[in-house]
Amino acid sequence: MTGRPRAAALLLTVGAVMASSLTLVGAPSAAAADTLLSQGRPATASTQEGGFTASAAVDGDLTGTRWASEWRDPQWIQVDLGRQANLSRAVLTWEAAYGKAYTIQASDNGTDWRTLKTVTQGDGGTDDLALSGSGRYVRMLGTERAGGYGYSLWEFQVYGDTDTTTPPPGGAVKVTGSQGAWQLQVGGQPYTVKGLTWGPSVADAPKYLPDVRSMGVNTIRTWGTDGSTKPLLDSAQANGLRIVNGFWLQPGGGPGSGGCANYVTDTTYKNTMLTEIAKWVDAYKSHPATLMWNVGNESVLGLQNCYSGTELEAQRNAYTSFVNDVAKKIHTIDPDHPVTSTDAWTGAWPYYKRNAPDLDLYSMNSYGDICNVQKDWVAGGYTKPYLITEGGPAGEWEVPDDVNGVPDEPTDVAKAEGYTKAWDCVTGHRGVALGATLFHYGTEYDFGGVWFNLLPGDKKRLSYYAVKKAYGGNTAGDNTPPVITNMAVSPASAAPAGREFTVRADVRDPEGDPLTYKILLSGNYATGDKGLVEAKWRSTGNGTFAVTAPEKLGVWKVYVQAEDGRGNAGIETKSVKVVPPPVAGTNVALNKPTTASSYQKEYGDCPCAPGRATDGNTATRWASDWSDPQWIQVDLGARTDIRRLQLHWDPAYAKSYEVQVSDDGTTWRSVYSTTTGNGDVDALEVAATARHVRLHLTARGTGWGYSLHDFGVYS
14 MTGRPRAAAL
24 LLTVGAVMAS
34 SLTLVGAPSA
44 AAADTLLSQG
54 RPATASTQEG
64 GFTASAAVDG
74 DLTGTRWASE
84 WRDPQWIQVD
94 LGRQANLSRA
104 VLTWEAAYGK
114 AYTIQASDNG
124 TDWRTLKTVT
134 QGDGGTDDLA
144 LSGSGRYVRM
154 LGTERAGGYG
164 YSLWEFQVYG
174 DTDTTTPPPG
184 GAVKVTGSQG
194 AWQLQVGGQP
204 YTVKGLTWGP
214 SVADAPKYLP
224 DVRSMGVNTI
234 RTWGTDGSTK
244 PLLDSAQANG
254 LRIVNGFWLQ
264 PGGGPGSGGC
274 ANYVTDTTYK
284 NTMLTEIAKW
294 VDAYKSHPAT
304 LMWNVGNESV
314 LGLQNCYSGT
324 ELEAQRNAYT
334 SFVNDVAKKI
344 HTIDPDHPVT
354 STDAWTGAWP
364 YYKRNAPDLD
374 LYSMNSYGDI
384 CNVQKDWVAG
394 GYTKPYLITE
404 GGPAGEWEVP
414 DDVNGVPDEP
424 TDVAKAEGYT
434 KAWDCVTGHR
444 GVALGATLFH
454 YGTEYDFGGV
464 WFNLLPGDKK
474 RLSYYAVKKA
484 YGGNTAGDNT
494 PPVITNMAVS
504 PASAAPAGRE
514 FTVRADVRDP
524 EGDPLTYKIL
534 LSGNYATGDK
544 GLVEAKWRST
554 GNGTFAVTAP
564 EKLGVWKVYV
574 QAEDGRGNAG
584 IETKSVKVVP
594 PPVAGTNVAL
604 NKPTTASSYQ
614 KEYGDCPCAP
624 GRATDGNTAT
634 RWASDWSDPQ
644 WIQVDLGART
654 DIRRLQLHWD
664 PAYAKSYEVQ
674 VSDDGTTWRS
684 VYSTTTGNGD
694 VDALEVAATA
704 RHVRLHLTAR
714 GTGWGYSLHD
724 FGVYS
């Protein structure tokens with residue numbers, strides 16, 4: 014994720030959210046690395062019908078013996094594997110009485126259960142389910158029967174690996190297998206990437222990596238590899254983790270990328286990068302924490318920001334050919350670690366297929382559309398496996414706009430579900446998707462950090478625990494974050510600048526911990542500042558807060574943050590549009606004759622004639638030439654008592670100006686002046702009686718001219 018919108022023409026179609034990754038097959042089969050762990054192990058059940066005991070479902074007899082439950086919901090059957098195991102699959106061979114809705118759960122102690130897979134549309138036969146997690150005990154918890162009978166299983170088979178230790182350090186990493194049955198191996202052992210992208214500084218690796226490991230994570234991904242990388246590799250090794258070492262190439266996507274290299278003609282750039290990458294591959298190829306090399310990030314997509322038409326096609330072909338040159342060079346230096354390349358658009362894969370045969374696997378950044386990656390891989394007829402190198406909840410470029418025309422950020426609950434869905438879609442493409450490094454183990458506490466980070470400001474979110482659960486981390490005893498729902502802002506599209514508006518939300522804490530609150534603001538859409546600042550606010554009870562709107566006009570994000578004192582936070586956000594405050598009295602300048610020293614006739618939304626500042630429409634504006642001084646004046650038609658002015662500036666505002674009045678339009682007297690104007694809305698108290706009112710503008714606040722949406726004069 015790189016915090017930028019992606020062209021709509023290149024976005025993948027967002028698929029329906031899948032409740033399960035159910036694959037129906039004719040008979041159970043296991044990948045070569047899977048071991049059948051359940052056969053002959055002790056099994057128990059909630060109930061049994063007649064002599065159809067639980068043990069009959071783990072005896073290896075697919076058609077002769079079965080377990081059957083009583084005719085009611087819910088029911089369960091569980092098997093004790095005898096020791097902790099990494100779980101890869103469950104195969105359920107149903108008798109005619111099958112489960113329409115059920116979950117597969119795992120436990121370390123037979124008491125505390127975590128859900129590994131949910132099925133809501135089962136249709137009997139044989140269900141072959143990909144699992145990701147660990148446990149000693151595995152059970153099927155049936156919640157909805159398909160008919161009037163109970164649940165009946167000919168066989169309940171659980172596959173996995175009882176060696177739960179980290180693969181031996183220093184072993185060669187290989188992509189093995191054949192079409193549709195690939196596997197990543199480390200030191201000859203199967204390795205599914207259960208990863209996160211890495212956000213903290215290298216210096217903070219010893220602080221955070223133990224927590225990363227506790228989540229069930231085995232891999233972290235970086236975007237850049239250089240002389241500062243070794244301490245991170247060392248810390249990863251100390252914590253039993255491996256690293257996908259990344260290399261930036263222009264134009265890329267995200268911090269540190271930049272630039273528009275010409276891959277057709279710029280041999281100097283390509284030779285420089287090839288030499289630089291080779292240098293660091295040689296430096297770190299023997300480090301036990303190195304998992305693979307990742308060349309480039311989103312550059313096939315990003316080249317559209319540099320080129321178009323036939324030149325864009327030529328550049329994309331040249332770029333992916335250069336990636337292949339890099340892959341070949343890496344392989345000559347380091348034959349023991351795979352090479353991949355990341356993009357953010359499956360439309361990039363045909364270029365890799367055509368031009369980069371030396372890549373060992375492809376990589377893809379995909380968020381809300383992640384479940385369509387498998388479909389596109391199948392449709393493209395690809396012959397290499399892939400890794401998801403970024404994934405999680407839907408991003409700014411994938412969600413609809415809200416009432417104020419800005420992306421409608423998902424809730425904490427929806428974000429957590431986004432990670433669960435992402436991992437289900439990855440594990441559902443068995444034998445092709447080799448795992449994921451989901452986005453993002455970051456602590457940044459700003460607009461993007463709240464959207465995507467698992468622990469912004471070091472506070473763990475619901476998403477943190479969703480990833481931990483997906484990766485099979487031990488969740489026993491976890492204290493989870495407050496849950497915020499039904500957040501609303503009023504008025505959402507007309508909050509007067511500097512005045513209070515209302516925010517309300519329903520907040521609950523799963524463990525009943527006492528909560529403390531913060532109300533925060535981000536000016537990302539109003540000012541471009543992504544930072545969070547605490548608002549001026551007060552609680553009015555029952556989850557309702559009175560919040561003072563910023564003076565700066567535009568669309569702001571307002572956040573409700575609830576902390577439980579246990580290191581967790583729930584954060585919900587909505588937008589609020591800040592508008593000029595209403596003014597008491599009558600606007601005597603409305604639609605009155607208005608003149609100015611100059612106006613823009615042809616620029617942007619212009620013509621911007623003087624009368625547009627007094628037409629009562631805040632969407633129109635007067636704009637002057639780009640020079641000092643300038644003036645705008647209105648003829649009220651008769652001597653009028655004036656009590657206040659409200660000036661609604663466009664971004665091109667006045668830093669220094671005078672308010673002048675006149676009875677004849679020739680002789681002027683000053684009633685107000687400032688040298689510290691800061692734009693937005695100026696509400697000025699004056700006391701004068703006059704026919705003409707003029708703004709004499711002497712110093713611009715920007716390099717543009719002067720521009721007013723509203724020149725209001727009130728009696």
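Numbering (our numbering), first residue to last: 14 to 728.
For glycine and all other residues, C-beta sits at the position ideal for the given N, C-alpha and C.
- Under the three-state reduction of DSSP, residue 332 is assigned to helix.
- Pairing residue 168 with residue 242 gives a Cβ-Cβ distance that is not under 8 Å.
- Under the rule that a run must span 3 or more residues, the beta strand (DSSP E) segments found entirely inside the stretch 194-272 read 194-199, 206-211, 232-234 and 255-260.
- Taking the Cα of residue 457 as reference, the smallest distance to any Cα among 543, 589 and 395 is reached at 543.
- Only residues of its own chain outside the window of five on either side were considered, and among them 458 have a CB closer than 6 Å to the CB of residue 470, listed in chain order.
- Taking C-beta atoms as the reference points, residue 644 and residue 708 count as a pair closer than 8 Å.
- The stretch 618-636 and the stretch 668-676 do not touch, with fewer than 3 CB-CB distances between them shorter than 8 Å.
- Here the stretch 587-604 lies against the stretch 502-514, with 3 or more beta-carbon pairs under 8 Å apart.
- Of the candidates 440, 297, 409 and 583, 409 places its Cα closest to the Cα of residue 420.
- For residue 367, the enclosing alpha helix (DSSP H) stretches over residues 362-368.
- Around the beta carbon of residue 616, fewer than 16 other beta carbons sit within 10 angstroms, so the residue counts as exposed.
- For residue 54, the CB contacts under 8 Å within the same chain, skipping 5 residues up- and downstream, are 71, 92, 93, 94 and 95 in chain order.
- The beta carbon of residue 688 sits closer than 8 Å to the beta carbons of 668, 669 and 712 from its chain, once the five residues preceding and following it are set aside; these are given in chain order.
- Residue 317 sits in a helix when the DSSP states are folded into three classes.
- Residue 335 and residue 276 have their alpha carbons spaced roughly 8 Å apart.
- Per the C-alpha coordinates, the member of 665, 694, 692 and 684 positioned closest to residue 716 is 665.
- Restricted to the stretch 431-511, the alpha helix (DSSP H) segments that are unbroken, complete and at least 4 residues in length are 460-465 and 475-483, listed in chain order.
- Where residue 375 is concerned, the enclosing beta strand (DSSP E) starts and stops at 375-378.
- Distance between residue 719 and residue 692, taken at the CA atoms: about 10 Å.
- By the beta-carbon neighbour count (other beta carbons within 10 angstroms, threshold 16), residue 315 is buried.
- In this structure, the alpha-carbon of residue 58 lies about 9 Å from that of residue 153.
- Closest by C-alpha distance to residue 512, out of 559, 553 and 245, is 559.
- The DSSP-derived three-state label of residue 108 is coil.
- With respect to residue 450, residue 145 sits apart: the two C-beta atoms are not nearer than 8 Å.
- Sequence-distant partners of residue 561 (beyond 5 residues in either direction) whose C-beta falls short of 6 Å from its own C-beta, in its chain, are 513 and 549.
- Beta-bridge pairing by DSSP links residue 157 to 114.
- Residue 536 and residue 570 have their C-alpha atoms roughly 7 Å apart.
- Rounded to whole angstroms, residue 231 and residue 50 show a C-alpha spacing of 23 Å.
- For residue 85, the three-state secondary structure derived from DSSP is coil.
- In this chain, residue 605 is not harboured by any beta strand (DSSP E), its DSSP state being neither H nor E.
- Scanning its chain for C-beta atoms nearer than 6 Å, with the 5 sequence neighbours on each side dropped, one finds around residue 607 the residues 623, 624, 627 and 647, in chain order.
- DSSP places residue 131 within a strand segment (E or B) once states are collapsed to three.
- Shown here for residue 228: same chain residues with a beta carbon closer than 7 Å to its own, the five before and five after excluded, namely 480, 481, 484 and 486 in chain order.
- Note that the stretch 352-370 touches the stretch 294-314; at least 3 beta-carbon pairs, one per stretch, sit closer than 8 Å.
- Counting only runs that start and end inside the stretch 515-592, there is no alpha helix (DSSP H) element of at least 4 residues.
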